[in-house]
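Chains as they are written, first to last, in this note's numbering: chain A, 4 to 183; chain B, 24 to 164.
For reference, the structure discussed in these notes is given below.
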């Protein structure tokens with residue numbers, strides 16, 4: 004099946020593939036294609052695992068992670084724990100093209116993004132609020148904490164470290180709808 | 024999460040990822056997606072790869088980097104993807120994850136770890152043969 008050009012992406016996110024493909028067909032670069040394809044998913048909130056309004060953390064906030072890499076120059080731009088900015092892949096590209104760094108994180112990444120002209124806005128939606136509320140009503144289950152008190156498999160926090168560390172089998176919480 | 028690879032007709036390659044991560048994570052937690060060599064990797068002299076799944080586990084093995092290096096050493100993309108998954112499986116047999124691989128000649132492949140409820144992984148491909156996005160899938164190993 005060797006044939007160029009090529010766009011391939013994880014999961015059945017057809018519109019993202021189509022967006023990237025259109026860029027290549029119109030003479031755009033592979034970086035433009037990847038940025039446009041991933042951005043499409045951010046706008047469409049692909050299966051809830053991309054973009055704003057999905058995967059709220061323990062405090063109910065949605066944060067975004069993104070990366071872009073140029074296979075010719077080995078330049079990379081990435082953001083992690085990006086707050087209040089919807090276009091994470093765009094910010095990642097700005098990190099690559101507007102700094103000599105590779106990865107910016109958290110609130111500082113958001114400030115960088117704002118300085119680069121990205122709009123700051125709330126990433127919370129009714130859906131993410133609902134996911135968060137249901138989690139609170141379910142005694143904060145599933146839960147990624149361990150060796151803390153109160154027992155995180157049954158209770159919400161705040162948590163304190165337990166005096167002893169106990170080895171337990173790691174629960175598998177990742178799934179089709181909650182993944183990186 | 025989306026992980027994407029693009030290759031132009033001259034073999035220039037780029038990779039990207041975008042995600043909002045795992046639901047109910049501890050605030051501040053970051054998965055594999057923005058980590059070079061974990062969530063994705065691209066080298067136009069060898070190939071590219073992008074991973075998806077349980078980033079807390081996958082980022083410990085740099086599966087995208089591993090797959091690209093295997094392709095550099097001559098492995099075809101499907102074999103490289105499978106080997107990257109197998110490396111993780113040795114230590115975490117029940118991890119949730121998948122990976123896509125492509126080389127600079129336009130060959131591609133994918134692999135995933137078989138777990139209850141996850142036996143087949145779907146991904147999208149568009150190339151000059153299809154000229155439109157095609158849904159592909161692979162049986163998990």
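Every residue gets a Cβ at the ideal spot worked out from N, C-alpha and C, and that includes glycine.
_Going by beta-carbon coordinates alone, are residue 141(A) and residue 52(A) separated by less than 9 Å?_
no
*With respect to the alpha helix (DSSP H) encompassing residue 41(B), which residues constitute its N-terminal and C-terminal limits?*
Careful: residue 41(B) lies outside any alpha helix (DSSP H), inside the beta strand (DSSP E) at 36-42.
*Where do the ends of the beta strand (DSSP E) carrying residue 13(A) lie?*
9-13
*To the nearest whole angstrom, what separates the beta carbons of residue 68(A) and residue 53(B), a pair I think is in contact under 8 Å?*
6 Å
*Give the straight-line distance between the Cα atoms of residue 42(B) and residue 165(A), rounded to the nearest whole angstrom.*
32 Å
*Could you tell me whether the Cβ atoms of residue 74(A) and residue 67(B) are closer together than 9 Å?*
yes
*Using a beta-carbon distance cut-off of less than 8 Å, what residues from the segment 67-91 of chain A approach chain B?*
67, 68, 69, 70, 71, 72, 73, 74, 75, 77, 79, 81, 82, 83, 84, 91
*Indicate whether residue 63(A) and residue 128(A) have their beta-carbon atoms separated by less than 9 Å.*
no
*asked:* Please list the terminal residues of the continuous beta strand (DSSP E) segment that includes residue 144(B).
replied: 143-150
*asked:* If I measure Cβ to Cβ from residue 44(B) and keep anything under 6 Å in the same chain, skipping five residues before and after, which residues do I get?
replied: 54
*With respect to the beta strand (DSSP E) encompassing residue 79(B), which residues constitute its N-terminal and C-terminal limits?*
Element bounds for residue 79(B): not the beta strand (DSSP E) but the alpha helix (DSSP H), 78-81.
_Rounding to the nearest angstrom, what Cα-Cα distance links residue 107(A) and residue 81(A) in this structure?_
6 Å
*First through last residue of the alpha helix (DSSP H) which encompasses residue 123(A)*: Premise fails: residue 123(A) is in no alpha helix (DSSP H) and is neither H nor E.
*Does any C-beta atom of chain A lie closer than 9 Å to the C-beta of residue 128(B)?*
yes
_Between residue 212(B) and chain A, is any beta-carbon pair separated by less than 9 Å?_
Look at the range of chain B in this structure, 24 to 164, and you will see that residue 212(B) is not part of it.
*Closer than 7 Å by beta-carbon distance: list the chain B residues that pair up with residue 40(A), in chain order.*
27
*Rounded to a whole number of angstroms, what is the C-alpha to C-alpha distance between residue 154(A) and residue 70(A)?*
35 Å
_Test: residue 1(A) CB closer than 9 Å to a CB of chain B_ = Residue coverage of chain A in this structure runs from 4 to 183, which leaves residue 1(A) outside it and unanswerable.
*asked:* What residue range does the beta strand (DSSP E) around residue 104(B) cover?
replied: First-last for residue 104(B): 100-112, but that is the alpha helix (DSSP H), not the beta strand (DSSP E).
*Tell me where the alpha helix (DSSP H) around residue 131(A) begins and ends.*
129-140
*Note down, in chain order, all residues in the segment 135-166 of chain A with a beta-carbon under 9 Å from any beta-carbon belonging to chain B.*
135, 138, 143, 144, 145, 146, 147, 148
*Enclosing alpha helix (DSSP H) for residue 94(B) [first to last residue]*: 86-95
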